[in-house]
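Notes follow once the structure below has been shown.
There are 2 protein chains.
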Amino acid sequence: MDENILGIIAGVLTSISMIPQLIKVIREKNVEDISLVMLLVLISGLSLWVWYGFKKDELPIILSNAFAVLVNISLLICYMFYRKS
Amino acid sequence: MDENILGIIAGVLTSISMIPQLIKVIREKNVEDISLVMLLVLISGLSLWVWYGFKKDELPIILSNAFAVLVNISLLICYMFYRKS
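Here the protein sequences come in this chain order: C and B. Going letter by letter, the first sequence gives residues 0 to 84 in numbering that gives the first Met the number 0. Going letter by letter, the second sequence gives residues 0 to 84 in numbering that gives the first Met the number 0.
Here is the structure:
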């Protein structure tokens, strides 16, 4: 299989799997199961993967990790928004 | 920064961020927040990333996604084990 197609399919699958958690948090307005430290570690790691993708010039790595950064920054915003309520 | 070092740091960070969920599930024996379909989608996607890593011959991609496959297969085993209790 072509490497880029393989990477895009892999990226779509791992991206899809992240969506339900975000929907659940938005719908239930409940962030008590989210660890702020781990969310920050994850966002840092994903951002480094985006950087790695740029250095290697690999679009599947860049796109899927950039998407994951967006999902997890949304979780972070939810965390800050719902934490006190 | 050297690409391999960057990839290894990125992989360590994203790997660390997965551990607390596994510990929580094992400790609390509670899998009701886990979606079986999404877990299977995630394991499929991660396995394709491992394949992608082998095709591209990139050790950071292989190691971090293989680790993620192991963590999520452990979650799958927990899911099957604790689902009925």
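Where is the CB? At the ideal position from N, CA and C, for every residue including glycine.
Asked, Found
"Validate contact between the segment 66–84 of chain B and the segment 44–57 of chain C using beta carbons, cut 8 Å, 3 pairs", "no"
"CB contact check: B:M79 to chain C, cutoff 8 Å", "no"
"Distance between beta carbons of C:G44 and B:S34, contact taken as under 8 Å", "In fact, because the Cβ distance is near 23 Å, the residues do not count as touching under 8 Å."
"Chain B residues whose Cβ lies nearer than 7 Å to that of C:K55", "E2"
"Three CB pairs or more closer than 8 Å across the segment 6–14 of chain C and the segment 24–31 of chain C", "no"
"Outcome for B:I18 when other beta-carbon atoms lying within 10 angstroms are tallied against a minimum of 16", "exposed"
"Assumed close pair B:K54, C:E2 - CB separation to whole angstroms, cut-off 8 Å", "5 Å"
"Per-residue DSSP class, three states only, for B:V36", "helix"
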